[in-house]
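Here the structure is laid out as structure tokens; the discussion comes afterwards.
Chains as they are written, first to last, in this note's numbering: chain X, 5 to 483; chain L, 5 to 483.
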């Protein structure tokens, strides 16, 4: 399914690198004949599978239950929440015909599932004993994007939207759930070795129908931030509209409070972009579809012994639960190295006649550490080598992020900073000042109350109007 | 989320039982406001998760790779294969609008993915070295059903369609893949403790665009068969249309041959229907969301010790990989037994003060075997108890199937036989005879060449025209 002709552009030319690595590493095929729709290659799907298994597990062990709601939402339900409609009306796909006849009520392809789920929540929630309700689903959602589309990042079919929805007795309990969700997402991205910035989106950029929106942003190599998760406190907007109420301990009817939070396949885009290098993908061990590739070095002598040694090594590593593959294709070793480096495999182990004689194997990590291992020690050492590799990936990403977060005290400095990363400025919170700031710098206000070890606290003068007592805000060019 | 008022109809009133058990056991919520669309409750989704994990694993280990193609198929592609269009044109949902504007090309919601996948296969397959190609995906598909809809059985959104698609160098290799798929499906249903009938569908009932269709049918308690899997040899119909060809070893361009095979959430309907009883679900151990439920019997004395004993038992069983839950709700034990029997939990373990004193626990299987186990032997015995329970489920289902397969030598006998099951008749293969047979008996010809240990071989006289040398065929009332 691949063509290894030509070569990968350097990652410094990020947009070209990204488009190219997707097919060279067999993540997505972009040749599907509809704009904004893409095909997951099996290797890419393997990456998706392991990534979403982590997410699923985090949700399962923290009291969420997986469920599945219909894709099709009747227009009558979809149109119930006014702000929500306004936020989505230009982006919704409509099914108008079934077979050869027109439908009585058009059906929306869910852009997100509030209006599919909440009429059911109204039936499910009756008493305080039913709360909190925490469910999630991993589904395809749709947006009629008119902007430039890009695989995994801006799609018409978001194939892998994990959306969680919760219902609580009080506003404060919902706010606590928002914090828990932020914790889960931080843990998730930590497993992907990705440092993130958490901030509270400005009001004009919050989810349609939310009290407030917390966002998780990652910094891509081209200096633009990618929103890789959002957590919304919905207050009672939707519970009012959909009549989600419960009987409290005293027998009184009370309106419920809600949250919702989501992560899409942008998490995969972040893994690809943030860790990749000039030779292709570099995958965190926990999500790599192939964690260890074994390359038998076949010469004339001892060919059978080398093959057998590779097979026994594979079985030993699989016994440790490691996803291991032998590449025994009839190609020169260099071509195989190139192939698996492109696919980001964390560890390569070479087994040749000399190794057999010496009782060793050669191990090379994807970031260039090469070592000779005693064959009898492989099972002991490989897990630690993979762990250490993951730690290095995380540290490297953390360092790069820290380097590109730059405090700026005037607009020119802010403009310069967001050429390569994130500018930290003081902003008074006034929307007009934000407009001026965005216009002057050509960036966007990500949000306030930024949680990052790389950003301190402290008040200062608004970068636009100079008002003292303004708080720290991050701005960046965004995807 | 449940209401345990009223009681479950007896399974002899199957249609009422089925509708009721779906919500009482929290499998599906049927109150979603669009006909033919339903909501998976978390418990039902757990059953789906474990069932599809088996299916996924069977495909993975037999050389299939998981992938994911878009839901939306442009009309231009969809309309390319003439027979295929004819088979689906009355059932396809069409997306005609994106946001506020009309689309240039309407988009079909996939009823199945041939026309989404095969244009890509044409790009993926170039040389004989690319073959065989074997991929699968588990996705939602759509049919605008005008008939009576029914959860898990006849849906407008099939939420869980596992479709596999393969490409081969020759017709024979594709035929061999058909056999392999039948083997996988038989294994899958064996894991669900469900005996199936495999047969070759008559030509008028094959998949639109197939050379032939093999079908997997299960027999439901009301005597109707449920098609729970199909395997299609597509010949070169689609490879001609979509230009899927390869260069053979001699450098010649050759047309490829294809197969596809699918299983939907009907597999869950079969699990529910075939094993259920008057008290609710009876779930095979491999797919039960809760395999063991522990009921602490809380009295005044030793309440804390009982709670601690239940917790330590749970941890021990989870250590064996068993999905275990403690029901410590403030309800009387009888209400808890009822609750978990309805949900089909294979094994219930009761721990009370008397058990603590005696060093035992009471174990009761869902099919009514009750025993006292030495507490120290629980880890040794529970896995074997679950295995034996699964064996009994399978045997019970096998016996019931065998009893309801009845040879019939005249139309009256065939009519009578299909009131409760499947009639085995001789049929000459002539379509007119089949029409008469179906009309007279009010049944359908399932197919020929039936593979079942309950059906022998041997030729005979056609049940309609009397022609000698006719082969065995099964007929039944179908879902």
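Glycine residues also receive a C-beta, built at the ideal position from the N, C-alpha and C atoms.
- The straight-line gap separating the alpha-carbon atoms of residue 455 of chain L and residue 203 of chain L is approximately 6 Å.
- Neighbourhood of residue 102 of chain X in chain L, by CB distance below 7 Å: 97 and 148, in chain order.
- Closer than 9 Å at the C-beta level to chain L, one finds no residue of the region 323-337 of chain X.
- Residue-level contact check: residue 33 of chain X touches chain L, since one or more beta carbons of chain L fall below 8 Å from its beta carbon.
- Residue 273 of chain X and residue 449 of chain X have their C-alpha atoms spaced approximately 22 Å apart.
- In summary, the residues of the region 49-72 of chain X whose CB is separated from some CB of chain L by less than 8 Å are 49, 50, 52, 53, 69, 70, 71 and 72, in the order they occur in the chain.
- Put simply, the backbone Cα of residue 370 of chain X is about 24 Å away from that of residue 156 of chain X.
- DSSP places residue 155 of chain X outside both helix and strand once states are collapsed to three, so it counts as coil.
- Between residue 410 of chain L and residue 421 of chain L, the alpha-carbon positions lie close to 6 Å from each other.
- Taking a 10 Å sphere around the C-beta of residue 39 of chain L, we find fewer than 16 other C-beta atoms and assign the residue as exposed.
- In terms of Cα proximity to residue 225 of chain L, the closest of L/332, L/405, L/442 and L/458 is L/405.
- Per DSSP, the continuous alpha helix (DSSP H) segment holding residue 338 of chain X begins and ends at 337-346.
- Chain order gives the chain X residues near residue 44 of chain L as 70, 71, 72, 73 and 141, where near means a beta carbon separation below 9 Å.
- The region 70-81 of chain X and the region 43-61 of chain L touch, with no fewer than 3 CB-CB distances between them shorter than 8 Å.
- Nearest to residue 423 of chain X by C-alpha distance, out of X/394, X/223 and X/301, is X/223.
- A direct Cα-to-Cα measurement between residue 41 of chain L and residue 122 of chain X gives close to 15 Å.
- The residue among L/135, L/433 and L/438 with its C-alpha nearest the C-alpha of residue 472 of chain L is L/433.
- Closest by C-alpha distance to residue 393 of chain L, out of L/476, L/445, L/257 and L/197, is L/197.
- Around the beta carbon of residue 305 of chain X, fewer than 16 other beta carbons lie within 10 angstroms, which makes this residue exposed.
- Below the 7 Å Cβ cutoff, chain L contributes 78, 81 and 123 as neighbours of residue 37 of chain X, in chain order.
- For residue 163 of chain L, the neighbours in chain X by C-beta distance under 7 Å run, in chain order, 72.
- Within chain L, 74 and 76 have C-beta atoms less than 7 Å from the C-beta of residue 41 of chain X, given in sequence order.
- Residue 77 of chain L is bridged by DSSP to L/112.
- In the DSSP assignment, residue 445 of chain X falls within the alpha helix (DSSP H) that extends over 435-445.
- The C-alpha of residue 48 of chain X is placed about 24 Å away from the C-alpha of residue 386 of chain X.
- Contact between residue 361 of chain X and residue 379 of chain X does not hold, since the beta-carbon distance rounds to 11 Å and is not under 8 Å.
- In the structure shown, residue 23 of chain X adopts helical secondary structure according to DSSP, grouped into three states.
- Among the residues facing chain X, residue 93 of chain L is included, as its CB has a counterpart in that chain under 8 Å away.
- The C-beta of residue 395 of chain X has fewer than 16 other C-beta atoms within 10 Å across all chains shown, which makes the residue exposed.
- Contact holds between the region 259-266 of chain X and the region 175-185 of chain X, because three or more Cβ pairs, one in each stretch, are under 8 Å apart.
- In the three-state reduction of the DSSP assignment, residue 264 of chain X falls in the strand class, which pools E and B.
- Taking 3 residues as the shortest admissible run, the region 139-185 of chain L contains the following complete beta strand (DSSP E) segments, listed from N- to C-terminal end: 161-172.
- A direct Cα-to-Cα measurement between residue 84 of chain L and residue 200 of chain L gives close to 35 Å.
- Taking 8 Å as the cut-off, the Cβ atoms of residue 251 of chain X and residue 130 of chain X count as close.
- Per DSSP, residue 100 of chain L is one residue of the beta strand (DSSP E) stretching across 97-102.
- In the three-state DSSP reduction, residue 313 of chain L falls in the helix class (H, G or I).
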